[in-house]
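In numbering that gives the first Met the number 0, the protein residues as written are 0 to 577.
Every residue, glycine too, gets a C-beta built ideally from N, C-alpha and C.
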Amino acid sequence: MDGLESINQYVLDTVITADSNLELYEMVDRDEANAPLIGEHEPATFENDGHRISQEHDNAPPSAFIWALTFAAGISGLLFGYEYNSSLHCVPSQTSLTVVSTGVISSTLVSIGTDLGHPLNTLDKSLITSCTSLGALIASPITSILADRFGRRAIILVADVLFIAGALGQAVTVSVPGMVVGRTVVGFAVGGASLVVPLYISELSPSASRGRLVTLSILLITLGQVVAYFIGYMLSMQSGGWRWMVGLGAAPAVLQFGLMLVLPESPRWLVKADKTQEAQKILRKVYAVKVDTIVDKVLRAIKTEIAEEEATRDDVSKAVSGNRAQVWLASIRNRSAEMFHVGMNRRALTIACLLQGLQQLCGFNSLMYFSATIFSLLGFYSPTMTSLSIAVTNFICTLIALLIIDRVGRRRILLLSVPVMIAGLIACSIAYECLGRPTLGAEPFNKTMDPDARSPWAVVILIAMIIYVCGYAIGIGNIAWQQSELFPLSVRSLGSGLATATNWGSNFVVGLTFLPMMEYLTPAWTFAVYALVCAIGWMCAWGIYPETKRLGLEDVRGLLKDSYGVQESLRRAKIRDP
Numbered sequence: 000m001d002g003l004e005s006i007n008q009y010v011l012d013t014v015i016t017a018d019s020n021l022e023l024y025e026m027v028d029r030d031e032a033n034a035p036l037i038g039e040h041e042p043a044t045f046e047n048d049g050h051r052i053s054q055e056h057d058n059a060p061p062s063a064f065i066w067a068l069t070f071a072a073g074i075s076g077l078l079f080g081y082e083y084n085s086s087l088h089c090v091p092s093q094t095s096l097t098v099v100s101t102g103v104i105s106s107t108l109v110s111i112g113t114d115l116g117h118p119l120n121t122l123d124k125s126l127i128t129s130c131t132s133l134g135a136l137i138a139s140p141i142t143s144i145l146a147d148r149f150g151r152r153a154i155i156l157v158a159d160v161l162f163i164a165g166a167l168g169q170a171v172t173v174s175v176p177g178m179v180v181g182r183t184v185v186g187f188a189v190g191g192a193s194l195v196v197p198l199y200i201s202e203l204s205p206s207a208s209r210g211r212l213v214t215l216s217i218l219l220i221t222l223g224q225v226v227a228y229f230i231g232y233m234l235s236m237q238s239g240g241w242r243w244m245v246g247l248g249a250a251p252a253v254l255q256f257g258l259m260l261v262l263p264e265s266p267r268w269l270v271k272a273d274k275t276q277e278a279q280k281i282l283r284k285v286y287a288v289k290v291d292t293i294v295d296k297v298l299r300a301i302k303t304e305i306a307e308e309e310a311t312r313d314d315v316s317k318a319v320s321g322n323r324a325q326v327w328l329a330s331i332r333n334r335s336a337e338m339f340h341v342g343m344n345r346r347a348l349t350i351a352c353l354l355q356g357l358q359q360l361c362g363f364n365s366l367m368y369f370s371a372t373i374f375s376l377l378g379f380y381s382p383t384m385t386s387l388s389i390a391v392t393n394f395i396c397t398l399i400a401l402l403i404i405d406r407v408g409r410r411r412i413l414l415l416s417v418p419v420m421i422a423g424l425i426a427c428s429i430a431y432e433c434l435g436r437p438t439l440g441a442e443p444f445n446k447t448m449d450p451d452a453r454s455p456w457a458v459v460i461l462i463a464m465i466i467y468v469c470g471y472a473i474g475i476g477n478i479a480w481q482q483s484e485l486f487p488l489s490v491r492s493l494g495s496g497l498a499t500a501t502n503w504g505s506n507f508v509v510g511l512t513f514l515p516m517m518e519y520l521t522p523a524w525t526f527a528v529y530a531l532v533c534a535i536g537w538m539c540a541w542g543i544y545p546e547t548k549r550l551g552l553e554d555v556r557g558l559l560k561d562s563y564g565v566q567e568s569l570r571r572a573k574i575r576d577p
């Protein structure tokens, strides 16, 4: 008990010290905000606890090293998009027209036939399709703790091993339990990678290009979805083609594992681990400079932010010396207390969970998964290829987001793109109401029917869904994954893990409710409900989501000290814009 009381006292001392440093940070920040705009030949600067960090190199284009590193880490996104969607698109279009009450996920699993020992029943299909999301939901908060203990790169390597094991396990299994285990292992990999990869990229990126580099990993997710559509369509014609499709997911994981062995750890994690010299070498490559002036200033800013955490860690180690497990558990308890008891951390978690929840509760993934079913009911000749148009739109608009996110800003893009989503959903709702047909239990269109029987309203629905996807991909689809920049280093991994768990929990809820909503509320009202969710999310984001473009990771913390910092962030953004 004495040890625990000492730990609690250290946490309290840390919070008091952090508040004192943040007051100094705010004083420096106000001085900068009141200063006149600097001439074009004098680089803009920003002060953090007395250390001046030049913006000259930070505003330069990312180096070839950081682009290569981001792409290598982003292969996890490609795996995520491919693996998570591979089981949904591995049947020919004729099979996807066999619509039952459990929707396209169950109907695609018909292609497995008796390969798993017997024809799949409803329970089998539900277990196979839901275990991936459940595995990701379980893995993400656990991974956040492990990423602080063992490093970001180590977790990516473990995720690659899980991707390989899960993919090969699915490819060779001959039973339903084996398939469930394989999909669950993939879920663990997806949950870990979806948390750590944006965190890893964010901590390595210069602030001026952090948004686009994190978005690159999201772009690779959408590319994986497109690849899954194409490969699924081709292999579905082959006997046992589904085994090849899930098994091919191991190939990118092998490639990434090899690349990550030679890529560096996050410099911010290395500083926490007392490996400053290694961090210094990596930062030289990140900023593409040979002199240490800029690198030293960045290192000093990182050390300033984590000084309180380092002191707490040293004291806790002394308080419970001789028992490593107890030291580690005490460290986890400290971070949890700091996460929920410190106001700026609670506000950061609220924003991150809001964005991740909105990303899923807007219904996007369900519309992606069941788009072939929807289009078959609407009378499209090839619903699978029509669904591909949605995936391609998602990819193209995510590419647009990559090009503009660091120039336009996260907040502005989000507030402009969500109304586009609402417009698309309302148009879908109206068109479905005018169509006067079909629920998921209706008879689907097939090749023997008259193509003229397709209503023009079906085309309106397709166009409206494309508009909706455009708004999603440019905005909330990638902005939610900028979550790591909101948290200070001491709770960055934990906060990102909880926000990612919110994403997967919301994904599970939407996947569970989408088909019943389509059947009992009708499609028109289902789209209307998603539009209402988007509107509520927009109002919340307008009130609490600050602008973080061009702010260093160590700079964002001051915004959330006493409030959500929306107005302060907008004022800073105007000053920092070239």
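Check, Outcome
"Whole-angstrom distance between Trp268 and Asn333, CA atom to CA atom", "18 Å"
"Val341 - DSSP class collapsed to helix/strand/coil", "coil"
"Boundaries (first-last residue) of the alpha helix (DSSP H) holding Arg491", "Leu488 to Pro515"
"Gly578 vs Leu78 beta-carbon contact at 9 Å", "Given a span of 0 to 577 for the chain in the structure shown, any question on residue 578 remains unanswerable."
"Sufficient close CB pairs (3 or more, under 8 Å) joining the region 514-529 to the region 418-435", "yes"
"Inter-stretch contact (C-beta, 8 Å, three-pair minimum) for the region 257-271 and the region 199-208", "yes"
"Given Ser483 as reference, the closest of Thr214, Phe256 and Ala252 once Cα atoms are compared", "Thr214"
"Cβ-based neighbour list, Gly423, same chain, cut-off 6 Å, excluding 5 preceding and 5 following", "Ala463, Ile466 and Tyr467"
"Runs of alpha helix (DSSP H) lying entirely within the region 211-284, each at least 4 residues, in chain order", "240-246, 249-259 and 266-271"
"Phe256 vs Ile144 beta-carbon contact at 9 Å", "no"
"Three CB pairs or more closer than 8 Å across the region 483-498 and the region 553-567", "yes"
"Per-residue burial, Glu39 [other beta carbons within 10 Å of its own, 16 or more giving buried]", "Residue placement at Glu39 is flagged as unreliable, the pLDDT there being 32, under the threshold of 50; the coordinate-derived value follows with that caveat. Burial call: exposed."
"Whole-number beta carbon distance between Gly240 and Arg187, since they are thought to touch under 8 Å", "A quick correction: the sequence has Phe, not Arg, at residue 187. Going by Cβ atoms, the distance from Phe187 to Gly240 rounds to 26 Å, so no, they are not a contact pair."
"Integer Cβ distance of Cys361 from Ala498, believed to fall under 8 Å", "Between Ala498 and Cys361 the Cβ distance is about 16 Å, and since that is not below 8 Å, they are no contact."
"Extent of the continuous alpha helix (DSSP H) to which Gly551 belongs", "That residue, Gly551, is in no alpha helix (DSSP H); it is neither H nor E in DSSP."
"Which of helix, strand or coil DSSP assigns to Tyr529", "helix"
"Which of helix, strand or coil DSSP assigns to Val173", "coil"
"Three-way DSSP call (helix, strand, coil) for Lys560 in this model", "coil"
"Distance CB(Val417)-CB(Gly470) smaller than 9 Å", "yes"
"Chain-order list of residues whose beta-carbon lies under 6 Å from that of Arg571 (same chain, five-residue window excluded)", "none"
"C-alpha gap between Phe363 and Val285, whole angstroms", "35 Å"
"Rounded Cβ spacing between Gly165 and Val185 (contact assumed at less than 8 Å)", "4 Å"
"Rounded straight-line distance, which links the Cα of Gly551 to that of Leu298", "12 Å"
"Ala457: first and last residue of the uninterrupted alpha helix (DSSP H) it sits in", "Pro455 to Ile473"
"Inter-residue Cα distance where the pair is Lys573 and Val189", "38 Å"
"Contact check, Ile403 vs Ile473, beta carbons under 9 Å", "yes"
"Best match in Ala540, Ile65 and Ala158 for proximity to Ala287 [C-alpha to C-alpha]", "Ile65"
"Beta-carbon proximity check, Ser75 vs Val253, cutoff 9 Å", "no"
"Glu518: first and last residue of the uninterrupted alpha helix (DSSP H) it sits in", "Glu518 -> no alpha helix (DSSP H), and no H or E assigned at all."
"Extent of the continuous alpha helix (DSSP H) to which Gly582 belongs", "Shown here, the chain extends from 0 to 577; a query on residue 582 therefore has no answer."
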